[in-house]
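Novice: Residue numbers (full-length UniProt numbering): 1 to 477.
Here it is, the structure in full.
Okay, structure coming up:
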């Protein structure tokens with residue numbers, strides 16, 4: 001009995017120590033990093049890679065921490081510690097110096113999403129950048145999937161780069177590079193579709209860095225981690241939010257700037273070739289994952305619509321819905337992966353549930369059915385016609401259409417769009433469209449096990465579109 005009591009007391013003590021350590025680690029991260037980065041910045045100045053003291057003082061005098069900032073609780077700010085020694089008296093005239101800190105840009109447009117202004121200023125102290133040292137930071141995007149997944153990956157990468165330019169006032173420019181996926185056939189067909197159908201992408205090179213050329217992405221990242229003592233990879237876990245994306249990227253960006261300021265070698269001028277025949281600025285940011293995180297795109301809808309404007313005069317857009325048609329998209333996950341789709345919660349509406357999804361329509365209203373497997377759509381026609389709806393399958397011949405044609409068809413819907421929340425294809429098509437109404441559905445299994453945290457994002461990808469979107473959650477059979 002005594003032994004059990006001692007064991008229990010020891011276990012409780014261990015839990016207490018672990019919890020206390022986690023709490024202190026979480027709440028002291030800003031202070032620890034301020035001290036570390038301040039020391040690094042001082043070291044950089046000594047090595048000749050830091051800022052002149054006039055720039056440091058200029059930053060200190062012109063930037064005040066936010067009221068709710070941890071930097072305003074009596075803790076010395078990076079600028080305070082960097083300016084303990086006053087510069088020599090030069091007659092009271094301090095020459096104007098451009099700030100080379102990653103600081104909030106006062107002229108950045110306001111957006112209704114988490115801002116890097118808070119993330120860089122509060123979560124990560126601003127880092128000094130040596131004058132002229134940092135010109136570009138490479139963001140290497142590991143592409144995967146087909147048309148819609150690739151659009152999403154590219155859209156998120158561009159939104160991150162745009163946000164960095166708008167929201168941070170520093171001498172960093174984000175340069176996008178692309179690493180092609182391993183599946184050669186799928187990759188080649190997707191690249192072909194992009195170049196043929198999207199004018200903005202005809203001169204883009206998607207295979208600058210190929211998996212066969214690169215020793216392997218993980219090897220490269222591990223080598224950078226060994227060389228610089230930190231990780232530069234940002235990933236897309238299932239529970240990622242827009243705030244997490246900005247936080248990850250701001251952390252990674254600051255780590256890169258810290259390395260470049262404090263390296264014993266002139267990293268700003270020297271590039272290290274990790275890829276045969278190609279050079280990347282080192283270290284670079286590596287982004288992998290489908291990145292279906294809608295809030296990252298908020299504020300950039302029109303810009304993205306222009307970036308992914310399809311060639312409407314060519315064969316990529318030769319089928320259009322009529323203005324009074326509601327487009328019902330059936331992705332066909334069960335046809336493509338019959339064993340895996342149910343396990344993943346990729347359940348799509350059957351004809352009876354399609355009637356429920358479209359119950360807002362009246363007899364005489366028109367519906368156009370489109371999907372990857374048009375031969376499977378005919379089973380919906382009879383059931384929908386029984387409701388008095390006029391229904392057609394696109395194309396009428398039942399032949400499969402190119403992904404770009406289906407995407408263009410959805411994008412041009414005016415009356416309405418209905419489809420599955422977990423289909424990037426229909427989600428992006430609806431996001432870029434001017435449809436009056438969008439009905440998005442999800443089955444209960446998928447909601448509970450995979451996407452419960454993303455429901456609001458899936459159903460309302462942009463707050464400005466709230467009035468258009470109608471959500472449906474169906475019970476599993």
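Every residue gets a Cβ at the ideal spot worked out from N, C-alpha and C, and that includes glycine.
With DSSP run on the structure shown, which of helix, strand or coil describes residue 52?
Specialist: Note that residue 52 has pLDDT 31, beneath the 50 cutoff, so the model's placement of it is unreliable and the number below is only indicative. Looking at residue 52 - three-state DSSP - the assignment turns out to be coil, as it is neither helix nor strand.
Novice: Using the C-alpha atoms, what's the distance from residue 384 back to residue 390?
Specialist: Cα to Cα, the separation comes out at about 8 Å.
Novice: Which word fits residue 321, buried or exposed, when buried means at least 16 other C-beta atoms lie within 10 angstroms of its C-beta?
Specialist: Residue 321 should be labelled buried.
Novice: According to DSSP, simplified to helix, strand and coil, what is residue 244?
Specialist: In the structure shown, residue 244 sits in a helix (DSSP, three-state: H, G or I).
Novice: State whether the segment 338–349 contacts the segment 292–302, with contact taken as three or more CB pairs (one from each stretch) at a distance under 8 Å.
Specialist: No, because fewer than three Cβ pairs between the segment 338–349 and the segment 292–302 fall closer than 8 Å, the two stretches do not touch.
Novice: With DSSP as the reference, label residue 397 as helix, strand or coil.
Specialist: Coil, per DSSP.
Novice: Could you check whether residue 357 and residue 430 sit closer than 7 Å to each other, using their CB atoms as the reference points?
Specialist: No, these two residues do not count as a Cβ contact at 7 Å.
Novice: Do the CB positions of residue 437 and residue 468 come within less than 7 Å of each other?
Specialist: A contact, by the Cβ cut-off of 7 Å.
Novice: State yes or no: is the C-beta of residue 157 within less than 7 Å of the C-beta of residue 176?
Specialist: Going by C-beta atoms, residue 157 is nearer than 7 Å to residue 176.
Novice: Around the C-beta of residue 155, are 16 or more other C-beta atoms found within 10 angstroms, so that it is buried, or is it exposed?
Specialist: Buried: at least 16 other Cβ atoms inside 10 Å.
Novice: Please name the residue, chosen from 324, 195, 409, that lies closest to residue 362 on a Cα-to-Cα basis.
Specialist: Residue 362 has its Cα closest to that of 324, out of 324, 195, 409.
Novice: Taking the alpha carbon of residue 444 as the reference point, which residue from 427, 428, 422 has its own alpha carbon closest?
Specialist: It is 422.
Novice: Enumerate in chain order the residues of its own chain whose CB-to-CB distance from residue 478 is below 6 Å, with the five nearest sequence positions on each side excluded.
Specialist: Only positions 1 to 477 of the chain appear in the structure, and residue 478 is not among them; the question remains open.
Novice: So, do the segment 139–151 and the segment 186–201 have three or more beta carbon pairs nearer to each other than 8 Å?
Specialist: Yes: the two stretches touch, three or more of their Cβ pairs being nearer than 8 Å.
Novice: Distance check for residue 435 and residue 465, CA to CA, integer angstroms please.
Specialist: Answer to the nearest angstrom: the Cα atoms are 10 Å apart.
Novice: Span of the alpha helix (DSSP H) holding residue 341?
Specialist: Looking at the DSSP string, the run of the alpha helix (DSSP H) that includes residue 341 is 340–344.
Novice: State the DSSP-derived secondary structure class of residue 228, mapped to helix, strand or coil.
Specialist: Residue 228 falls in the helix class under three-state DSSP.
Novice: Look at the alpha carbon of residue 367 and the alpha carbon of residue 247, and state the distance between them as a whole number of angstroms.
Specialist: In a straight line, the C-alpha of residue 367 is about 43 Å away from that of residue 247.
Novice: Please name the residue in 243, 316, 200, 413 whose C-alpha comes closest to that of residue 326.
Specialist: Checked all of 243, 316, 200, 413; the closest Cα to residue 326 is 413.
Novice: Answer with buried or exposed for residue 427, where buried requires no fewer than 16 other C-beta atoms within 10 angstroms of its C-beta.
Specialist: Classification for residue 427: buried.
Novice: In the structure shown, what three-state DSSP assignment does residue 133 receive?
Specialist: Since pLDDT at residue 133 reaches only 43, below the 50 mark, its modelled position is unreliable, and the value read off the structure follows with that caveat. In this structure, residue 133 counts as coil in the three-state DSSP scheme.
Novice: Assign residue 233 to one of three DSSP states: helix, strand, or coil.
Specialist: Three-state DSSP puts residue 233 in a strand.
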